[in-house]
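Under the numbering used here, the first residue of the sequence shown is numbered 123, with each subsequent residue one higher.
Worksheet: the structure to be examined is printed underneath.
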Amino acid sequence: MSPDFAERSTEAEIMDTVVTGFADFDECLRHIEIVNRLTLGYRPVLSWLKKILLLVSPKRPLTIIDVGSGRGEMLRQVWKLARREKIPVYLTGIDINPWSTAAAEKATPADVGIHYETSNIFAMDTAQKADFIISTHFTHHLGNDELVRFLRWIDDHSVQGWFINDLHRHKAPYLFIKYVLPLVPINKMSRNDGPVSVARAFTAADWRRALQQAGIPPAQSRIRWFFPFRYGVARWKSGQAGVQAGSVRSFPTDGWRLVTRLLGLDFYDWQSASSAGIDSIEPPKL
């Protein structure tokens with residue numbers, strides 16, 4: 123029986139509640155990485171960061187923190203992006219689970235300069251900040267009050283901006299993961315936690331409400347839907363208009379622009395949506 127997608131599920135994931143061995147936990151993270159690659163799970167963060175990195179001219183390495191860094195694949199992708207763009211970065215992955223830290227260190231080549239640490243972000247010194255803070259598939263692990271607290275934290279601890287990438291709570295991805303994922307050779311934890319993650323995830327209305335409760339004005343943040351069924355929530359404190367100017371491309375027809383909006387492709391700029399009175403790109407009705 124499918125959950126009621128009108129509200130977030132409170133069902134806990136095995137990853138968050140059941141004690142398993144390190145080998146099983148590491149295997150689960152590896153399987154999640156595979157699924158994320160196949161479903162374009164890292165693209166929202168990389169798309170946003172690429173636009174930002176092209177606009178900054180740092181005189182020192184940019185500091186980027188990934189919250190809930192898991193096995194470190196998101197940061198390894200960021201490292202590759204920064205290397206291609208020849209932008210010096212200092213990357214830190216923070217996860218509350220020490221096994222995540224161990225798994226990330228094991229999976230990251232020695233010549234890739236990424237630092238991982240086990241920490242509770244809410245216990246961090248208020249003076250500890252980073253230029254940019256990113257988070258991928260972390261926030262659905264939080265309760266509603268914790269989400270608001272996290273939004274305040276990420277806004278306080280980021281100097282130039284932040285980006286949150288997480289799942290969209292919707293029947294289509296839930297059914298796909300629940301009935302198609304078991305056909306793929308993944309472990310029990312991944313098979314169970316996949317649909318639970320979708321049921322615990324968010325809609326655009328959830329994000330608008332949480333941002334309002336966190337005291338972050340709509341004009342200073344963006345919510346965007348990405349294909350397939352993810353939301354990106356972001357703020358660039360250095361000036362959103364610069365992202366618009368650096369990323370807008372011209373297309374011959376309004377129809378093509380509509381397609382790119384529906385699919386959440388990189389060709390659509392957020393600022394023009396905001397100026398038109400739209401603060402989120404909604405998915406097609408299925």
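For every residue, glycine included, the Cβ atom is placed at its ideal position computed from N, Cα and C.
Checklist entry - In this structure, does DSSP put Asn219 in helix, strand or coil? => result Of the three classes helix, strand and coil, the one that applies to Asn219 here is coil, per DSSP.
Contact check, Asp67 vs Ile256 under 8 Å by CB: the rounded distance?
With the chain running from 123 to 408 in the structure shown, residue 67 is simply not present.
Considering only the alpha carbon of each residue, which of Phe127, Ala226, Asn219 and Trp221 lies closest to Leu213? Comparing Cα positions, the closest option is Ala226.
**Prompt:** Where does Ser257 sit, in a helix, a strand or coil, going by DSSP?
**Reply:** Three-state DSSP puts Ser257 in a strand.
Excluding the 5 residues flanking Pro231 on each side, which residues of the same chain have their C-beta closer than 6 Å to its C-beta? Hits under 6 Å: none found.
Which residues DSSP lists as bridging Trp68, in chain order:
Residue 68 cannot be examined here, being either before or after the span of the chain that is shown, 123 to 408.
Self-check item: Rounded separation between Gly91 and His292 - CA only
Solution: Because the chain in this structure spans residues 123 to 408, residue 91 falls outside the shown range and cannot be described.
Starting from Val418, trace the alpha helix (DSSP H) both ways and give me its first and last residue.
Outside the shown range of the chain (123 to 408) lies residue 418, about which nothing can therefore be said.
Practice problem: May I ask which residues mark the beginning and end of the beta strand (DSSP E) holding Tyr238? | Solution: Unbroken beta strand (DSSP E) run through Tyr238: Ile236 to Thr240.
What separation, rounded to the nearest whole angstrom, lies between the Cα atoms of Glu133 and Pro317? Between Glu133 and Pro317, the C-alpha separation is close to 10 Å.
By Cβ distance below 7 Å, which residues in the same chain neighbour Pro125 in space, the five residues on each side in sequence not counted?
If the five residues before and after Pro125 are omitted, its C-beta is found closer than 7 Å to the C-beta atoms of Ser131 and Ala321, all from its own chain and listed in chain order.
Note to self: Below 8 Å, how does it come out for the region 299-318 and the region 266-285: are there three or more Cβ pairs, yes or no?
What the structure shows: Contact annotation: the region 299-318 does not touch the region 266-285, with fewer than three C-beta pairs closer than 8 Å.
* Measure the CB-CB distance between Leu168 and Gln199 and report whether it falls below 8 Å. => The answer is yes: Cβ separation under 8 Å.
Checklist entry - What do you get for Glu195, buried or exposed, if any count of 16 or more other CB atoms within 10 angstroms of its CB means buried? => result Its Cβ being crowded by 16 or more others within 10 Å, Glu195 is buried.
In terms of DSSP beta bridges, what is His290 paired with? Residue pairing by DSSP places His290 opposite Phe324 in a beta bridge.
Which listed residue (Asp267, Val281 and Leu289) has its alpha carbon closest to that of Ala332: Of the candidates Asp267, Val281 and Leu289, the one whose C-alpha sits nearest the C-alpha of Ala332 is Asp267.
- Message: Within 10 Å of its beta-carbon, does Val211 have 16 or more other beta-carbons around it, so buried, or fewer, so exposed?
- Response: Counting other Cβ atoms within 10 Å of its Cβ, Val211 reaches 16 or more and is therefore classed as buried.
Does DSSP put Arg352 in a helix, a strand or coil? DSSP places Arg352 in the strand class (E or B) of the three-state scheme.
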